[in-house]
Ligand SMILES: Nc1ncnc2c1ncn2[C@@H]1O[C@H](COP(=O)(O)OP(=O)(O)O)[C@@H](O)[C@H]1O
Ligand SMILES: [Mg+2]
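In the numbering used here, the protein residues as written are 8 to 346.
Structure representation (structure tokens):
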């Protein structure tokens, strides 16, 4: 049996470039070389694409993936991608998780892991995401969408969360406790996006749940995020010891079930495919709100997405195999359609 050729897309233009490299290295290391041939495609912060065989040796040496044969003319990229069996985009944030890369892969007619164009774009936009969830009766945090900071006053009192609509990793987010902090927070958020959300503060437990599948998505055991900070900010996310994941979460069995139910419901509502990590808040009275879906969550073997499936009995290597199989299944299914 010939090996499956997998191109792993890594890096990317967003501020999550380095996080993506770490995730992608984990993926390449975990793919069994007897069954998978991996090609590393690294996208620079400047948008330049570089190709190289991500040899195990290079990875085991802890160095950068092997990109010796570089740079290759950008024109060769589509050809290379159409020669592989499947592409695994391990890119976080804008220009990777937001449908842009997915659109490129659709054009090239190559199977790829994870959400399609629309679901990726939708889950990247916290404003439109909530509109769809509300429409489907899935509870979300109250918020207002702001396009002009002038004269804006909080309809929720304080504290409130201020967020750029289409970013991730807590970049550009402020918890504002006063009108002054609201103003500074809006300034910061508008540096990252033209659309900003101001959200009511939710006093509750942060619970995350991994979802896997195409037409029949399944939820993992959820986990509770305990940030070593007032909220789950950038350093809590990425600093060593900044966060503790507690599995299962310290909430009632009913609330756990509700988190799983709503995570799958949100996945279906947004027409996600392959994978997504659903981030929820659970209030004291067990009310569960969906905060967001991450269509390409942090993806190292010790990232929350993988850990939750590990805790549910699905090891990382098998999770990757499943995701690749799901990508191939979707491509085959959709290939039967007439356009
Ligand atoms: N409405 C809210 N109430 C309480 N905490 C919030 C609220 N919104 C966000 N947070 C905190 O901020 C973090 C980042 O917000 P989130 O919407 O998940 O943005 P990102 O896409 O950057 O992860 C959350 O994990 C949580 O700790
Ligand atoms: Mg988040």
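Beta carbons are placed, not taken as given, at the ideal position from N, Cα and C, and that holds for glycine.
In this structure, the alpha-carbon of residue 233 lies about 8 Å from that of residue 213. Residue pairing by DSSP places residue 216 opposite 285 in a beta bridge.
Straight across, the Cα-Cα distance linking residue 272 with residue 145 is about 8 Å. The Cβ atoms of residue 204 and residue 152 lie closer than 8 Å to each other.
In this structure, the CA atom of residue 284 is about 12 Å from the CA atom of residue 266. The stretch 12-26 makes contact with the stretch 90-98; the number of CB pairs closer than 8 Å reaches 3 or more. In the DSSP assignment, residue 30 falls within the unbroken alpha helix (DSSP H) covering 24-37. According to the DSSP assignment, residue 204 belongs to the beta strand (DSSP E) that extends over 203-207. Unbroken beta strand (DSSP E) stretches of 3 residues or longer found wholly inside the stretch 218-274: 230-234, 250-253, given in chain order. Under the three-state reduction of DSSP, residue 170 is assigned to strand. According to DSSP, residue 14 shares a beta bridge with 46, 94. For residue 299, the Cβ falls inside the 7 Å cut-off from some heavy atom of ligand 2. Inter-residue distance for residue 185 and residue 163 is about 11 Å (C-alpha atoms, whole angstroms). Contact between the stretch 107-115 and the stretch 274-283 is not established, with fewer than three Cβ pairs separated by less than 8 Å. Shortest gap from the CB of residue 251 to any heavy atom of ligand 1: 7 Å or more. Minimum Cα-Cα distance from residue 291 among the listed residues 211, 133, 226, 227 corresponds to 211. Relative to the non-hydrogen atoms of ligand 2, the Cβ of residue 237 never comes closer than 7 Å to any of them. Pairing residue 206 with residue 178 gives a Cβ-Cβ distance that is not under 8 Å.
A check of alpha carbon separations from residue 314 across 268, 288, 147, 254 identifies 254 as the nearest. Nearest in C-alpha terms to residue 256, of all of 311, 331, 244, is 311.
Between residue 12 and residue 235, the alpha-carbon positions lie close to 41 Å from each other.
Nearest to residue 231 by C-alpha distance, out of 208, 201, 289, 223, is 289. For the stretch 116-181, the continuous alpha helix (DSSP H) assignments of 4+ residues that do not extend past its boundaries occur at 124-131, 133-142, in sequence order. Secondary-structure assignment with DSSP links residue 290 through a beta bridge to 211.
When C-alpha distances from residue 39 are compared across 331, 338, 141, 343, the shortest belongs to 331. A straight line joining the alpha-carbon of residue 113 with that of residue 322 spans about 29 Å. Annotated as proximal: residue 327 and residue 34, with beta-carbon spacing under 8 Å.
The Cβ-Cβ distance between residue 120 and residue 88 does not fall below 8 Å. Boundaries of the beta strand (DSSP E) around residue 299: 295-301. Here DSSP, grouped into helix, strand and coil, assigns residue 183 to strand. Annotation for residue 39 indicates a beta carbon at 7 Å or more from all heavy atoms of ligand 2.
Taking each of 161, 226, 244, 250 in turn and checking the Cα distance to residue 264, the smallest one comes out for 226. Residue 55 sits exposed, since fewer than 16 C-beta atoms from the chains shown fall within 10 Å of its C-beta. In the DSSP assignment, residue 57 forms a beta bridge with 49.
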